[in-house]
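Notes follow the structure.
Numbering (UniProt numbering), first residue to last: 1 to 108.
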């Protein structure tokens, strides 16, 4: 499986986690009519453990850290981010994602 590596600040990661709802709080009925891209995002979000989220939150230094996303999730996230007015942190994440997708040859 191909992965895309993003350089994110911890606040960008926090905004990403808040942007994608926790699938543990959704019923099966809520996901039935969702597009495949949203289901991919929910599946990825569901694989994040509380410890992973807490580790990102407790990082002491305000520097960029690497987050590896499966390519399918990265493309789905990029498409989903295009539909919303974004916070500054999410806009920076969208720009980084756009740049990495162009480098991977998946966008012009």
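For glycine and all other residues, C-beta sits at the position ideal for the given N, C-alpha and C.
- In the structure shown, residue 35 falls within a coil segment according to DSSP collapsed to helix, strand and coil.
- In chain order, 12 place their CB closer than 7 Å to the CB of residue 92, counting only its own chain and leaving out the 5 sequence neighbours on each side.
- Listed in chain order, the non-local C-beta contacts of residue 76 below 6 Å within the same chain comprise 37, 40 and 41, local neighbours out to five positions each way being set aside.
- Looking at the DSSP output, residue 66 bridges to 7.
- Secondary structure at residue 85: coil, using DSSP grouped into helix, strand and coil.
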